[in-house]
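Each residue of the sequence shown is one higher than the last, beginning at 74 in our numbering.
Just so you know, even glycine gets a beta-carbon here, dropped at the ideal spot from N, CA and C.
Before any comments, here is the structure.
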Amino acid sequence: MADKLPPMRPELAFVSVVLAALACGCGGSGASAPAMASSNGTRTVSFSLPSNEGALVSVPISGARSTVLDFFSPTCEPCKEKVPALHAKQSELAARGARLVLVGVVSDSESTDDARRALASWGVVAPFLVDRNGTGRREAGITALPATIILDASGAVRWVASSTSRAEDVVAALPE
Numbered sequence: 074m075a076d077k078l079p080p081m082r083p084e085l086a087f088v089s090v091v092l093a094a095l096a097c098g099c100g101g102s103g104a105s106a107p108a109m110a111s112s113n114g115t116r117t118v119s120f121s122l123p124s125n126e127g128a129l130v131s132v133p134i135s136g137a138r139s140t141v142l143d144f145f146s147p148t149c150e151p152c153k154e155k156v157p158a159l160h161a162k163q164s165e166l167a168a169r170g171a172r173l174v175l176v177g178v179v180s181d182s183e184s185t186d187d188a189r190r191a192l193a194s195w196g197v198v199a200p201f202l203v204d205r206n207g208t209g210r211r212e213a214g215i216t217a218l219p220a221t222i223i224l225d226a227s228g229a230v231r232w233v234a235s236s237t238s239r240a241e242d243v244v245a246a247l248p249e
């Protein structure tokens, strides 16, 4: 007969569940982007982050009708397909007055170069914002990666990608 394990202390059980959840997905708390597929614009997003070249960039992007924020991390497996697919739609996004902004969510053990190398290995050579301390992620309400949201010119959240959203869905969600 198998040996019984001693009962686990409640705080250790909680920590075990949290660690298991973190291990299941990219970027911390799940395997995919938020489940919401639209938004009514009642929440606004505004933050500034350094670019991969060091310049401070404010979101939403000034002069853009819409800002499409695409959050990724260098180790995010689903990001390998989603980021390049959306990056390939830049001309369609621009035709609708939108600006695509890639946001690299890097952990303490990762560098800006890690994010740059990941993008390059995915076929994407583009500037990106560096979210090292989670400022942009928290402000945007992002809980899992990859994640894509659309902001209007004032920063109101107009659309949040679901875990099954494709690049075509992002383009279709933009105002004409």
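Cβ-Cβ separation between Pro-123 and Val-203: approximately 5 Å, consistent with a contact (criterion under 8 Å).
The residue from Arg-205, Val-141 and Leu-159 with its alpha-carbon nearest to that of Gly-170 is Val-141. Between the segment 239-249 and the segment 144-163, the count of Cβ pairs shorter than 8 Å is three or higher; the stretches touch. Shown here for Phe-201: same chain residues with a beta carbon closer than 6 Å to its own, the five before and five after excluded, namely Asn-125, Leu-175 and Gly-177 in chain order.
Taking every protein chain shown into account, the CB of Pro-133 has 16 or more other CB atoms within 10 angstroms, so this residue is buried. Under the three-state reduction of DSSP output, Arg-172 falls in the strand class. Per DSSP, the unbroken beta strand (DSSP E) holding Arg-231 starts and ends at 230-233. Beta-bridge analysis with DSSP links Ile-222 to Leu-142 and Val-233.
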